[in-house]
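**Student:** The following block contains the structure, expressed as structure tokens.
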Amino acid sequence: MATPERFSNLPEYAFPRLRKLLAGIEPGGPPLLMTIGEPKHPFPDFVPEVIAASVGELSKYPPNEGTPELLAAIAGWLERRYGLHVEPSQIVSLNGTREGLFNACIALCPESKNGKQPIVLTPNPFYQVYSAAAAAVGAIPMFVPATLETGHLPDFAGLGRDVLDQVAIAYICSPANPQGAIADEAYLEHLITLAEQHDFLVFADECYSELWQDAPPPGALAIADRMGLIDRVVMFNSLSKRSNLAGLRSGFAAGSTANIARIRQLRSFAGAPLPLPMQRVSERAWSDEAHVDANRALYQEKYAIANRVLGNIPGYQSPQGGFFLWLPVEDGEAAAKKLWAETGIQVLPGAYLSREVDGHNPGRKYIRVALVAPVEEIETALNRLKSSLYS
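1 is the number of the first residue of the sequence shown in full-length UniProt numbering; add one for each residue after it.
Written as structure tokens, this is what we have:
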């Protein structure tokens, strides 16, 4: 089948590119993959018990939007975490946030904006599904630099009125993937005000929200609700990072009743509901904070290790949240090849998470390093990395 023209400009996905880059290079030590953001910490002890107790429900069709119990559990978590009160009609369950971040664009992006082709804004670097979603709806993807100079968050306000009036959706990730920057309340208030002034939606990707170094990140939907502008934000979160349940593929979107109704409508035709045993696990996971606190403590230990080992590297910045290091190098691809050949550590070139704009790729001089290995492996790995790339 021919590739649809609108997808022809999408680059190859990051991990196949990495495999090609490292093909034929023998690892120079015991292989350690620090590329993909796949948690290695234990998932909650109650997971097997809940699955076993509900396995008989695999014979039933699950509710597409989520069981009443799951929606209530998510609503309860939003209330406890952000002081945000939402009704079940303002939530929809998802097969992970990637599904929602993609399909919400299909459900909510207009065919035109002020008589022009709509623009979808994305940080640069970014999670690649954002640009794929823009391509799916025939929108213009606009890659807004999120660099050291901008605090590793996109300066959407600097785009100018003409551009902003054409924007339909702006994606924002906080804590940011890959840089770990957190959008504070002032940043989010300003972004939501821009969305109201220029009539666009904010898609807030908050899947790393429970992994933070010093203080919990604010939530965009809660801020929008406080401003009386909840219809301007759709938030997305999941259990992948929070609860180390990446394979469960369980997430949710929350927003205004009208926005969620449109996502639900599309999902009833094009979505795959989460099997009931997985929804039962999700209900329990969103209702429990003890395992989340323990998980966060492990990442905070890793932040401390990274700060101790790498803190004197010029340009090093400790992540405010998430579980990635965004490390400065002369060339990301060259650094990834050297590190693999000399140490067996595999990292991702930053250029694979960014798009070249006006001849500049903001990720080219970085590598992304995932702090997902067990704590006892991290210090050894980071010392090997430092010796190879920064000695």
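No residue lacks a Cβ here, since even glycine has one placed at the ideal position from N, Cα and C.
Can you find the residues in the same chain that come closer than 6 Å, C-beta to C-beta, to residue 67, ignoring five residues on each side of it along the sequence?
**Tutor:** Here residue 67 refers to the residue found at position 67 of the sequence shown. Within the same chain, residue 67 has close Cβ partners 279.
**Student:** For a test of the three-state rule: what should DSSP assign to residue 1, helix, strand or coil?
**Tutor:** Taking the sequence shown and counting its residues from 1, the one referred to as residue 1 is at position 1. Low per-residue confidence applies at residue 1: pLDDT is 34, beneath 50, and the placement is therefore not dependable enough to give any value.
**Student:** Rounded to the nearest angstrom, what separates residue 13 and residue 129 at their Cα positions?
**Tutor:** Locating residue 13 in the sequence shown gives position 13, counting from the first residue. Locating residue 129 in the sequence shown gives position 129, counting from the first residue. Approximately 10 Å, taken between the alpha carbons.
**Student:** Could you please give the first and the last residue of the uninterrupted alpha helix (DSSP H) stretch that includes residue 70?
**Tutor:** Mapped onto the sequence shown, residue 70 falls at position 70. Per DSSP, the continuous alpha helix (DSSP H) segment holding residue 70 begins and ends at 68-82.
**Student:** Kindly confirm or deny that the stretch 329-349 and the stretch 211-228 touch, where touching means at least three C-beta pairs closer than 8 Å.
**Tutor:** no
**Student:** Within its chain, find whatever has a CB closer than 7 Å to the CB of residue 345; leave out the 5 residues flanking it on each side and keep chain order.
**Tutor:** Working through the sequence shown from its first residue, we reach residue 345 at position 345. Apart from the 5 residues on each side of it in sequence, residue 345 sits with its Cβ closer than 7 Å to the Cβ of 32, 34, 339, 381, 384, 385 in its chain, given in chain order.
**Student:** In the DSSP assignment, find the beta strand (DSSP E) that holds residue 327 and state where it starts and stops.
**Tutor:** Within the sequence shown, the letter at position 327 stands for residue 327. It spans 324-328 - the beta strand (DSSP E) in which residue 327 sits, taken as one unbroken run.
**Student:** Which parts of the stretch 137-215 are runs of the alpha helix (DSSP H), unbroken and 4 residues or longer, counting only runs that do not cross its ends?
**Tutor:** 161-164, 185-198
**Student:** Since residue 368 sits in a beta bridge, which residues does DSSP pair it with?
**Tutor:** As a first step, residue 368 is located in the sequence shown; it is residue number 368 there, counting from the start. According to DSSP, which records beta bridges pairwise, residue 368 is partnered with 326, 348.
**Student:** Looking only at its chain, what residues have a beta carbon closer than 6 Å to the beta carbon of residue 1, apart from the 5 residues adjacent to it on each side?
**Tutor:** The sequence position of residue 1 within the sequence shown is 1, counting from 1. Summary for residue 1: the model assigns pLDDT 34, below 50, so the residue's position carries little reliability; its value from the coordinates is reported in the next sentence. Cβ within range, chain order: n/a, list empty.
**Student:** With distances taken between CB atoms, is the gap from residue 397 to residue 76 smaller than 8 Å?
**Tutor:** This structure does not reach residue 397, given that the chain is present from 1 up to 391, and the question cannot be answered.
**Student:** Just verifying my parser: in three-state terms, what is the DSSP assignment at residue 119?
**Tutor:** As a working mapping, residue 119 is identified with position 119 in the sequence shown. Looking at residue 119 - three-state DSSP - the assignment turns out to be strand.
**Student:** Could you give the distance in angstroms between the alpha-carbon of residue 206 and the alpha-carbon of residue 158?
**Tutor:** Numbered from its first residue, the sequence shown carries residue 206 at position 206. Numbered from its first residue, the sequence shown carries residue 158 at position 158. Spanning the two alpha carbons is a distance of roughly 23 Å.
**Student:** Would you kindly work out how many angstroms separate the C-alpha atoms of residue 92 and residue 71, rounded to a whole number?
**Tutor:** Numbered from its first residue, the sequence shown carries residue 92 at position 92. Numbered from its first residue, the sequence shown carries residue 71 at position 71. Taking the straight line joining both Cα atoms gives about 7 Å.
**Student:** For the structure I just gave you, are there three or more beta carbon pairs, one from the stretch 145-163 and one from the stretch 355-372, closer than 8 Å?
**Tutor:** yes
**Student:** By Cβ distance below 7 Å, which residues in the same chain neighbour residue 298 in space, the five residues on each side in sequence not counted?
**Tutor:** Here residue 298 is taken as the residue at index 298 of the sequence shown, counted from 1. Cβ within range, chain order: 41, 375.
**Student:** Please classify residue 309: does DSSP put it in a helix, a strand, or coil?
**Tutor:** Looking up residue 309 in the sequence shown gives position 309. DSSP, read as helix, strand or coil, puts residue 309 in helix.
**Student:** With a cut-off of 8 Å, do at least 3 Cβ pairs link the stretch 51-64 to the stretch 279-295?
**Tutor:** yes
**Student:** How many Å lie between residue 28 and residue 167 at the Cα?
**Tutor:** Here residue 28 refers to the residue found at position 28 of the sequence shown. Here residue 167 refers to the residue found at position 167 of the sequence shown. Using only the alpha carbons, I get a separation of about 48 Å.
**Student:** Could you check the C-alpha separation between residue 3 and residue 15 for me, to the nearest Å?
**Tutor:** As a first step, residue 3 must be located in the sequence shown, where it is residue number 3. As a first step, residue 15 must be located in the sequence shown, where it is residue number 15. Summary for residue 3: the model assigns pLDDT 46, below 50, so the residue's position carries little reliability; its value from the coordinates is reported in the next sentence. Rounded to whole angstroms, residue 3 to residue 15 spans 20 Å at the Cα level.
**Student:** Can you grab the Cα-Cα spacing for the pair residue 271 / residue 221, in whole Å?
**Tutor:** What you label residue 271 is simply residue 271 of the sequence shown in a count that begins at 1. What you label residue 221 is simply residue 221 of the sequence shown in a count that begins at 1. In a straight line, the C-alpha of residue 271 is about 24 Å away from that of residue 221.
**Student:** Answer yes or no: do residue 273 and residue 88 have a C-beta to C-beta separation smaller than 8 Å?
**Tutor:** Mapped onto the sequence shown, residue 273 falls at position 273. Mapped onto the sequence shown, residue 88 falls at position 88. Not a contact, by the Cβ cut-off of 8 Å.
**Student:** Given this structure, state the Cα-to-Cα distance separating residue 196 from residue 189, to the nearest angstrom.
**Tutor:** Your numbering for residue 196 matches position 196 in the sequence shown. Your numbering for residue 189 matches position 189 in the sequence shown. Cα to Cα, residue 196 sits roughly 11 Å from residue 189.
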